[in-house]
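*Asks:* Just dropping this structure here.
Residue numbers (my numbering): 1 to 462.
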């Protein structure tokens, strides 16, 4: 094909290249060239020269065509290369981290060119560490809440069953394999909690920190790290030499501080905080009674189950596990509540044990009664606030000599507001501000009418 025939086609294709919306511009250009070669009627672009035409006609056609400079490089989609601004990355909400529970892909993550080879092992490790900066457990996410629930179950398992397995032999020996499996699972969860706390974020000047070095140092320098290491002390391995001693798992109790975190987190989330506090106090009282019942049975076993004060010798009906536990729990409940009506102690060990228990019971009961009193007071806080505001309003009207009819109307409005539940909100700050505008105006006129009458003459006309 002569060059003169191709030149107009190429010019037209290059002219339309900027507005081409096809996702395959090169393929479209090639198809147009093929169609132009196959269409014999297109005289404008692909008109073949006659046999009598010579080379001069071709060169004249080229010279007549206006010269334009076009780039013949293949068409590519230009991707905008933007450099991340460290300042915007720190202060912009666009790059804010949402926590491990809602992890999504972000443009903020480190972009590693797959075609670029990793030159050294150090570079590979550094890239992994930089990627780990974005796996941070936020303190206000649901992941931490559900993880604390799972961890608290393991902590409560150790608190409830370690002492019970130590005291009641049938409970330990009849389910030894089950306890062993649960112990391993609980220890694994304890270890995973240490790894999670290495990636738990904290706020620094109001911003969430997700640098792996800062997070690790913040955790290591805290007392939480010491408690976590102590909680995994493998004292229970001594059971290999001395036999089953479940109480050797007592270092697991150091993890109890995580249950306190769950308590405060759940208290802030629940819509019934007072009910939640009462249930928590009830659980603490049951746990104390459980421990005291176990101690009572162990003291009786150490004394040989002799005497009227101790638990009867475990034979016959008294050898059943349910009978053992319920009888001991009944004794501990009567002791903790200081009800009494129990057999007197017989030996010196009995006296020492009972004296310690009674002193501890008085202290515990005082705390529980005080907490229950606070809960009841909080439940009646709205009524106490209403009565305080009503008394303030009465004192205000009495000090300003408001007529009795007006006082009855104000008091009737307060009773009406309480019946509608308007006094329980936090927006009602002052007692007088609660009144409607009309009644508030009348009350203000009764109080300030004497002052308004003393205003000078020009202001009266206004």
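Note that the Cβ used here is the ideal one computed from N, Cα and C, for glycine as well.
1. Counting only runs of 4+ residues fully inside the stretch 200-248, write out the alpha helix (DSSP H) ranges in chain order.
2. May I have the straight-line CA-CA distance separating residue 146 from residue 158, to the nearest angstrom?
3. My understanding is that residue 163 touches residue 332, with C-beta atoms under 8 Å, so please give their C-beta distance in whole angstroms.
4. Thinking C-alpha only, which one of 250, 396, 178 and 227 is nearest residue 444?
5. Considering only C-alpha positions, which residue in the set 279, 310 and 196 is nearest to residue 371?
6. Kindly indicate which residue of 362, 243 and 315 has the alpha-carbon position closest to the one of residue 166.
7. Going by other Cβ atoms of all chains shown within 10 Å of its Cβ, with 16 needed for buried, is residue 300 buried or exposed?
8. Below 8 Å, can you find three or more Cβ-Cβ pairs linking the stretch 208-219 to the stretch 136-153?
9. Would DSSP call residue 136 helix, strand or coil?
10. Assign residue 160 to one of three DSSP states: helix, strand, or coil.
11. Would you mind reading off the limits of the alpha helix (DSSP H) that contains residue 267?
12. So does the stretch 273-287 actually touch the stretch 342-350, counting three or more Cβ pairs closer than 8 Å?
13. Whole-angstrom Cβ separation of residue 187 and residue 232, contact assumed at under 8 Å?
14. So the candidates are 178, 290 and 350; which of them puts its Cα closest to the Cα of residue 330?
15. Less than 6 Å between C-beta atoms, sequence neighbours within five positions excluded: which residues of the same chain meet that for residue 259?
16. Ordered along the chain, which non-local residues of its own chain (more than five positions away) have a Cβ less than 6 Å from that of residue 144?
17. By the DSSP assignment, the alpha helix (DSSP H) with residue 178 in it spans what residues?
18. Suppose contacts are defined by Cβ-Cβ distances below 8 Å. Is residue 297 in contact with residue 161 by that definition?
19. For my contact list, residue 262 and residue 248 are in at a C-beta cut-off of 8 Å; report their separation, rounded to the angstrom.
20. According to DSSP, is residue 307 part of a helix, a strand, or is it coil?
21. Could you give the distance in angstroms between the alpha-carbon of residue 100 and the alpha-carbon of residue 435?
22. Taking the alpha carbon of residue 204 as the point to measure from, which residue in 148, 325, 195 and 218 has its own alpha carbon closest?
23. Compute the Euclidean distance between the alpha carbons of residue 452 and residue 375, then round it to the nearest angstrom.
24. Whose CA, out of 350, 351, 348 and 369, lies closest to the CA of residue 337?
25. Can you give me the Cβ contacts of residue 252 inside the same chain, cut-off strictly under 6 Å, excluding the 5 residues immediately before and after it?
26. Answer with buried or exposed for residue 386, where buried requires no fewer than 16 other C-beta atoms within 10 angstroms of its C-beta.
27. Quick one: grab the DSSP three-state call for residue 358.
28. Taking only three categories from DSSP, how would you classify residue 274?
29. Determine whether the beta carbon atoms of residue 357 and residue 286 lie at a separation below 8 Å.
*Replies:* Let me spell this out:
1. 212-220, 223-231 and 239-242
2. Translated into the one-based positions of the chain shown, residue 146 becomes position 146. Translated into the one-based positions of the chain shown, residue 158 becomes position 158. If you take the alpha carbons of residue 146 and residue 158, they lie about 19 Å apart.
3. Translated into positions along the chain shown, residue 163 becomes position 163. Translated into positions along the chain shown, residue 332 becomes position 332. Actually they are not in contact, since the Cβ atoms of residue 163 and residue 332 sit about 12 Å apart, beyond 8 Å.
4. Start at 1 with the first residue of the chain shown, and residue 444 comes out as number 444. Ranking 250, 396, 178 and 227 by Cα distance to residue 444 puts 396 first.
5. For this step, residue 371 is matched to residue 371 along the chain shown. Among 279, 310 and 196, the Cα nearest to that of residue 371 is on 279.
6. Residue mapping note: residue 166 aligns to position 166 of the chain shown, counting from 1. Nearest of 362, 243 and 315 to residue 166, Cα basis: 243.
7. Within the chain shown, numbered from 1, the residue matching residue 300 stands at position 300. By the 10 Å Cβ count, residue 300 comes out buried.
8. yes
9. Translated into the one-based positions of the chain shown, residue 136 becomes position 136. Coil, per DSSP.
10. Stepping through the chain shown from its first residue, residue 160 is reached at position 160. Note: residue 160 maps to helix in three-state DSSP.
11. Taking the first residue of the chain shown as position 1, residue 267 is located at position 267. Segment 257-269, the alpha helix (DSSP H) holding residue 267.
12. no
13. In the chain shown, counting from the first residue as 1, residue 187 sits at position 187. In the chain shown, counting from the first residue as 1, residue 232 sits at position 232. Yes, residue 187 and residue 232 are in contact; Cβ-Cβ is about 7 Å, under 8 Å.
14. Numbered from 1 along the chain shown, position 330 holds the residue referred to as residue 330. The shortest Cα separation from residue 330 among 178, 290 and 350 belongs to 290.
15. For this step, residue 259 is matched to residue 259 along the chain shown. So the list reads 152 and 155, once near-sequence residues are dropped.
16. Position 144 of the chain shown, counted from the start, is the residue given in the question as residue 144. So the list reads 137, once near-sequence residues are dropped.
17. One-based indexing of the chain shown puts residue 178 at position 178. Looking at the DSSP string, the run of the alpha helix (DSSP H) that includes residue 178 is 176-198.
18. Locating residue 297 in the chain shown gives position 297, counting from the first residue. Locating residue 161 in the chain shown gives position 161, counting from the first residue. Not closer than 8 Å, so no.
19. Start at 1 with the first residue of the chain shown, and residue 262 comes out as number 262. Start at 1 with the first residue of the chain shown, and residue 248 comes out as number 248. The pair is not a contact, with the Cβ atoms about 26 Å apart (cut-off 8 Å).
20. In the chain shown, the residue the question calls residue 307 occupies position 307. Residue 307 falls in the coil class under three-state DSSP.
21. For the purposes of this step, residue 100 is taken as the residue at position 100 of the chain shown. For the purposes of this step, residue 435 is taken as the residue at position 435 of the chain shown. For residue 100, the pLDDT reaches just 43, beneath the cut-off of 50, and the residue's location in the model is therefore unreliable, although a value from the coordinates is still provided. Computed Cα separation, rounded: 50 Å.
22. Residue numbering aside, residue 204 sits at position 204 when the chain shown is read from its first letter. Cα-wise, what sits closest to residue 204 is 218.
23. Counting from one through the chain shown, the residue named residue 452 turns up at place 452. Counting from one through the chain shown, the residue named residue 375 turns up at place 375. If you take the alpha carbons of residue 452 and residue 375, they lie about 49 Å apart.
24. Walking along the chain shown from the start, residue 337 turns up at place 337. The residue with the shortest Cα to Cα distance from residue 337 is 369.
25. Here residue 252 refers to the residue found at position 252 of the chain shown. Within the same chain, residue 252 has close Cβ partners 158 and 231.
26. Start at 1 with the first residue of the chain shown, and residue 386 comes out as number 386. It counts as buried.
27. The sequence position of residue 358 within the chain shown is 358, counting from 1. In the structure shown, residue 358 sits in a helix (DSSP, three-state: H, G or I).
28. Here residue 274 is taken as the residue at index 274 of the chain shown, counted from 1. Three-state DSSP puts residue 274 in a helix.
29. Within the chain shown, the letter at position 357 stands for residue 357. Within the chain shown, the letter at position 286 stands for residue 286. Result no, Cβ atoms of residue 357 and residue 286 do not sit closer than 8 Å.
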